[in-house]
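Participant: Sharing a structure with you now.
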Amino acid sequence: MDLTFNASELAFRDEFRAWIDANHPGDAPDGEDEAYGFRRDWQRKLYEGGWAAVHWPKEYGGRDATLVEAAIFNEELARARAPFPANVLGLLLAGPTLMTWGTDEQKDRYLSPIMSGEEIWCQGFSEPEAGSDLASLKTKAVKDGDEWVVTGQKVWTSGAQYSKWCMLVARTDFDQPKHKGLTYFILDMEQEAVQVRPLVQITGEAEFNELFIEEARIPDANVVGGVGNGWKVALTTLMNERAGLAFGLQVGLKVKLDQLTETAAARGLLEDPVVADRLGDLHLRCEILRLTAYRGLTATMKYGQPGPEGSLTKWMWSDTNQQLMQYAADLLGPEALLTDSPWSYELLRSRGNTIEGGTTEILKNIVAERVLGLPRR
Amino acid sequence: MNFDFTDDQHEIKRTARDLLGRRSTFERVRAAAESATYDEALWQELRDLGWTGIAISEEHGGAGLGQVELVILMEELGYAVAGSPFLSNALGGLLIDHAGSDEQRARWLPGIASGEATATVGTIGSDGAELVPDAATAALIVLVEDGGATVVERSAADVTAIETIDPTRRFGRVAATSGEALSGDVAGALERCEVALAAELVGVAQRAMEMSVAYAKDRKQFDTPIGAYQAVSHRCAQMLLETEGARSATYFGAWAADADPAQLTLGAAMAKAAAAEAARNVTASAIQVHGGIGFTWEADVHWLYKRAQVDAALLTGARASRARVARAAAATLVKG
Numbered sequence: 051m052d053l054t055f056n057a058s059e060l061a062f063r064d065e066f067r068a069w070i071d072a073n074h075p076g077d078a079p080d081g082e083d084e085a086y087g088f089r090r091d092w093q094r095k096l097y098e099g100g101w102a103a104v105h106w107p108k109e110y111g112g113r114d115a116t117l118v119e120a121a122i123f124n125e126e127l128a129r130a131r132a133p134f135p136a137n138v139l140g141l142l143l144a145g146p147t148l149m150t151w152g153t154d155e156q157k158d159r160y161l162s163p164i165m166s167g168e169e170i171w172c173q174g175f176s177e178p179e180a181g182s183d184l185a186s187l188k189t190k191a192v193k194d195g196d197e198w199v200v201t202g203q204k205v206w207t208s209g210a211q212y213s214k215w216c217m218l219v220a221r222t223d224f225d226q227p228k229h230k231g232l233t234y235f236i237l238d239m240e241q242e243a244v245q246v247r248p249l250v251q252i253t254g255e256a257e258f259n260e261l262f263i264e265e266a267r268i269p270d271a272n273v274v275g276g277v278g279n280g281w282k283v284a285l286t287t288l289m290n291e292r293a294g295l296a297f298g299l300q301v302g303l304k305v306k307l308d309q310l311t312e313t314a315a316a317r318g319l320l321e322d323p324v325v326a327d328r329l330g331d332l333h334l335r336c337e338i339l340r341l342t343a344y345r346g347l348t349a350t351m352k353y354g355q356p357g358p359e360g361s362l363t364k365w366m367w368s369d370t371n372q373q374l375m376q377y378a379a380d381l382l383g384p385e386a387l388l389t390d391s392p393w394s395y396e397l398l399r400s401r402g403n404t405i406e407g408g409t410t411e412i413l414k415n416i417v418a419e420r421v422l423g424l425p426r427r
Numbered sequence: 158m159n160f161d162f163t164d165d166q167h168e169i170k171r172t173a174r175d176l177l178g179r180r181s182t183f184e185r186v187r188a189a190a191e192s193a194t195y196d197e198a199l200w201q202e203l204r205d206l207g208w209t210g211i212a213i214s215e216e217h218g219g220a221g222l223g224q225v226e227l228v229i230l231m232e233e234l235g236y237a238v239a240g241s242p243f244l245s246n247a248l249g250g251l252l253i254d255h256a257g258s259d260e261q262r263a264r265w266l267p268g269i270a271s272g273e274a275t276a277t278v279g280t281i282g283s284d285g286a287e288l289v290p291d292a293a294t295a296a297l298i299v300l301v302e303d304g305g306a307t308v309v310e311r312s313a314a315d316v317t318a319i320e321t322i323d324p325t326r327r328f329g330r331v332a333a334t335s336g337e338a339l340s341g342d343v344a345g346a347l348e349r350c351e352v353a354l355a356a357e358l359v360g361v362a363q364r365a366m367e368m369s370v371a372y373a374k375d376r377k378q379f380d381t382p383i384g385a386y387q388a389v390s391h392r393c394a395q396m397l398l399e400t401e402g403a404r405s406a407t408y409f410g411a412w413a414a415d416a417d418p419a420q421l422t423l424g425a426a427m428a429k430a431a432a433a434e435a436a437r438n439v440t441a442s443a444i445q446v447h448g449g450i451g452f453t454w455e456a457d458v459h460w461l462y463k464r465a466q467v468d469a470a471l472l473t474g475a476r477a478s479r480a481r482v483a484r485a486a487a488a489t490l491v492k493g
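Going down the list, the sequences are from chains Y and C.
Start counting at 1 in the first sequence, then tack on 50, and there's your number in the working numbering.
Start counting at 1 in the second sequence, then tack on 157, and there's your number in the working numbering.
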């Protein structure tokens, strides 16, 4: 057991830390489009510095970073309060999915612009009637010569308004049981048949969109992993989704908890045993999340897959983040509820945490069935 | 970064699980608890295997291994709810080893390592040391008060047997007027004790979770295994979450004790707070999952619940541990 970084991990961290220090873009501008453009510029800078996709293999322009180094990368970004790159779905989901399932032509065509941020990707999985039960999705794709004609509706599509490509899962065979009969496509967003409508969240901003697809065209060459194999390909994407962001989110949580603790200390509130108990509990949860995430990484590096702890970190993070924001509202009082307070935004945004990327209820089902081996109903 | 045991450590864990699975069955635990005794044959075997001295240096008759190895054994002993003076002796040993002088170590550690002359620990409150495990049988009693510690021989102490809700372990109340001070780092030694105790709690939680999952697969109502109902299966998932979280904190504390003492204060407070919370929640949940049978003396879940409750109260309570986590976190903010 060695819970310190080894020499090469430290060297990686120090190199990236120095690079961020020299290249930090400062605070994001106001306005959603402005903020997105800012993150896009930031990704370009990361790309030029060779830092855009550290976890990608060298042959695709990455650094072949180990899982620990990739974790360090996200920890350092969050610690420096630097933004995540704009094309986060391309880097974390589309890229690795194409590396696993894509043809050589697809890898040549798509991977490099993902890394540079030149082409943004979004994820067209969920539908109004297919959320947690993803495999019941209804968007259909019908073969027409060497093209597919796609009609349907997608929802919760982050960044669709900025995207060139969409990872789209559609039903290509209605006679097969629901998990079969699905196909994974690369959909060109720049066509009239695809309409993007922003979905305003409880925070008032619109990170997500609805996609209305009316006879959009996809060439045969844009099928990923073969016709009828879409469920398997989608699982690759989903596994990357749950694993990839954990470390950045964990540090993001820590940064906010430290801010709250500093404020409490400055106001002399740590002397209050009730406050100390509550903050202690949050720090405890936060540290346990980090340690458990590292246990999962070690298991993945040593045995090829995480142990039982691997399925717990997203659940731990979302619960703790919600508790932190709720407690910040208690501790800071009315000022935390004013719209110009960053805490009021965080309070509202945190409600999404236990829904996005797999609801807590679904995560509990996964733990119960796949880790504990309990029967399905 | 490598958050996993070495091959040797995995081997210790397997050996302990295997041996205790055979030697500390619930039948034996029950027999010992109901007769208010320990399983002497088991204790002798633990001594013969050298487990009693696992974290004590070879110079003093131990195996010369570290806190991580001790934690592995403690977790398995908790999993088996084994009735023996192992925990009290290990805690006494940690205090003398890490807060005693060279001379005190040389004098007392060999008896602790062999199990010949065992030690125990008590925390002095307003009415003396209230909850001292194995006070009536230990040769030495380490009494901790206000950050200091003194060692008294049992023959010189006033020991009254008490009964706690945990019948798998013997306790006493201790009053003593004189003793020999331990002059070293008592706080640091106590932190090691907390980590060892946390490991026992993790083992208790793990066992309670496994029993609940097995029961939920087996027990049918409405022609369906109850574990297929989300009200039950989600409760089991929560048990896993808490157990694994407490395990992460406890292993971190053990690693810090061996490799990075600067983080031990935080690690020990985290381990004790998380494990006390997890073991009490998980064992309580286990009674619920077992339904009516879980509330009976006949079922074995209650041994775990009772062990968790009393362990949680030993050394530092969970609330005090959480406050220490907050202080340790605030201190790092100020420093850095």
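From the three backbone atoms N, C-alpha and C, an ideal C-beta is built for every residue, glycine too.
Taking the alpha carbon of Leu-206/C as the point to measure from, which residue in Ala-276/C, Glu-216/C, Thr-172/C, Ala-193/C has its own alpha carbon closest?
Facilitator: Considering only alpha carbons, the answer is Thr-172/C.
Participant: Determine which residues of the segment 324-340 of chain Y have a Cβ less than 9 Å from any Cβ of chain C, and write them out in chain order.
Facilitator: If the cut-off is 9 Å between Cβ atoms, the segment 324-340 of chain Y has Val-325, Ala-326, Asp-327, Arg-328, Leu-329, Gly-330, Asp-331, Leu-332, His-333, Leu-334, Arg-335, Cys-336, Glu-337, Ile-338, Leu-339, Arg-340 near chain C.
Participant: At 4 residues or longer, what runs of the alpha helix (DSSP H) sit wholly inside the segment 171-208 of chain C?
Facilitator: Runs found: 183-191, 197-205.
Participant: For Gly-282/C, which three-state DSSP category applies?
Facilitator: DSSP places Gly-282/C in strand when its eight states are reduced to three.
Participant: Whole alpha helix (DSSP H) runs in the segment 299-371 of chain C with 4 or more residues, listed along the chain?
Facilitator: None, since the segment 299-371 of chain C contains no complete alpha helix (DSSP H) of that length.
Participant: In the DSSP output, which residue or residues are listed as bridge partners for Cys-216/Y?
Facilitator: BP columns for Cys-216/Y point to Cys-172/Y, Leu-237/Y.
Participant: Cutting at 6 Å between CB atoms, please list the residues of its own chain near Ser-214/C, excluding the five before and the five after it.
Facilitator: Gly-221.
Participant: Which residue marks the beginning of the alpha helix (DSSP H) containing Lys-352/Y, and which one marks its end?
Facilitator: 323-353 is the extent of the alpha helix (DSSP H) around Lys-352/Y.
Participant: Who are Gln-378/C's beta bridge partners in DSSP?
Facilitator: DSSP, once it has assigned bridges, lists Thr-381/C as partnering Gln-378/C.
Participant: Taking the Cβ atom as the reference point for each residue, do Val-278/C and Cys-393/C lie within a distance shorter than 8 Å?
Facilitator: The answer is no: Cβ separation not under 8 Å.
Participant: Go ahead and label Ala-57/Y buried or exposed: buried means 16 or more other beta carbons lie within 10 angstroms of its beta carbon, across all protein chains shown.
Facilitator: So Ala-57/Y ends up on the exposed side.
Participant: Grouping DSSP H, G and I as helix and E and B as strand, with all else coil, what is Trp-106/Y?
Facilitator: If DSSP states are grouped into helix, strand and coil, Trp-106/Y belongs with coil.
Participant: Tell me whether Glu-197/C is buried or exposed, calling it buried when 16 or more other Cβ atoms sit within 10 Å of its Cβ.
Facilitator: So Glu-197/C counts as exposed.
Participant: Excluding five sequence neighbours on each side, which residues of the same chain lie with their C-beta closer than 8 Å to the C-beta of Glu-240/Y?
Facilitator: Here the set comprises Lys-214.
Participant: Check for me: the alpha helix (DSSP H) holding Val-526/C runs from which residue to which?
Facilitator: A question about residue 526/C goes unanswered here, because the residues of chain C that appear run from 158 up to 493.
Participant: May I have the straight-line CA-CA distance separating Met-217/Y from Thr-163/C, to the nearest angstrom?
Facilitator: Whole-angstrom Cα-Cα distance: 42 Å.
Participant: Tell me the residue span of the alpha helix (DSSP H) that contains Phe-409/C.
Facilitator: Here the alpha helix (DSSP H) through Phe-409/C covers 387-416.
Participant: For a contact meaning CB atoms closer than 7 Å, what does Trp-365/Y contact in chain C?
Facilitator: Under the 7 Å cutoff, chain C gives Leu-398.
Participant: Using DSSP with H/G/I as helix, E/B as strand and the rest coil, what is Asp-196/Y?
Facilitator: In the structure shown, Asp-196/Y sits in coil (DSSP, three-state: anything other than H, G, I, E or B).
Participant: If we call anything under 8 Å between Cβ atoms a contact, is Leu-244/C one with Glu-357/C?
Facilitator: Contact flag set, yes.
Participant: Could you have a look at Ile-416/Y and say whether DSSP puts it in helix, strand or coil?
Facilitator: Of the three classes helix, strand and coil, the one that applies to Ile-416/Y here is helix, per DSSP.
Participant: Does any C-beta atom of chain C lie closer than 8 Å to the C-beta of Met-51/Y?
Facilitator: Yes, contact with chain C.
Participant: At the level of alpha carbons, what is the spacing between Ala-130/Y and Trp-200/C?
Facilitator: Straight-line Cα distance between these residues: approximately 54 Å.
Participant: Kindly give me the distance between the Cβ atoms of Ala-373/C and Val-446/C, rounded to whole angstroms, as I take these residues to be in contact under 8 Å.
Facilitator: Contact flag correct, Cβ pair sits at about 6 Å.
Participant: Which residues mark the beginning and the end of the alpha helix (DSSP H) in which Leu-161/Y is found?
Facilitator: Element bounds for Leu-161/Y: 154-166.
Participant: Straight-line CA distance for Leu-329/Y to Thr-280/C?
Facilitator: Taking the straight line from one Cα to the other gives about 26 Å.
Participant: If you reduce the DSSP assignment to three classes, tell me which class Glu-287/C lands in.
Facilitator: Looking at Glu-287/C - three-state DSSP - the assignment turns out to be strand.
Participant: Would you tell me roughly how many angstroms separate the C-alpha atoms of Met-231/C and Met-396/C, rounded to the nearest one?
Facilitator: Looking at the two C-alpha atoms, the distance is approximately 20 Å.
Participant: Go ahead and pull the three-state DSSP assignment for Ile-213/C.
Facilitator: It is coil, neither helix nor strand.
Participant: Any C-beta of chain C within less than 8 Å: which residues of the segment 341-374 of chain Y qualify?
Facilitator: Within the segment 341-374 of chain Y, the qualifying residues are Leu-341, Thr-342, Tyr-344, Arg-345, Leu-347, Thr-348, Ala-349, Lys-352, Pro-358, Glu-359, Leu-362, Trp-365, Met-366.
Participant: Return yes when the Cβ of Phe-55/Y is within less than 8 Å of the Cβ of Arg-63/Y, no when it is not.
Facilitator: Yes, the pair counts as a contact, with Cβ atoms nearer than the cut-off.
Participant: Following the continuous beta strand (DSSP E) through Gln-245/Y, name the residue where it begins and the one where it ends.
Facilitator: Run containing Gln-245/Y: 244-249, per the beta strand (DSSP E) assignment.
Participant: Would Met-375/Y be called buried (16 or more neighbouring beta carbons within 10 Å of its own) or exposed?
Facilitator: Looking at its Cβ environment, which holds 16 or more other Cβ atoms inside 10 Å, Met-375/Y is buried.
Participant: Tell me the rounded alpha-carbon separation between Ala-296/C and Ala-256/C.
Facilitator: Approximately 18 Å between the Cα atoms of the pair.
Participant: Would you kindly check if the distance between the Cβ of Ala-78/Y and the Cβ of Pro-163/Y is under 8 Å?
Facilitator: The answer is no: Cβ separation not under 8 Å.
Participant: Between the segment 137-146 of chain Y and the segment 100-108 of chain Y, are three or more C-beta pairs nearer than 8 Å?
Facilitator: These segments touch.
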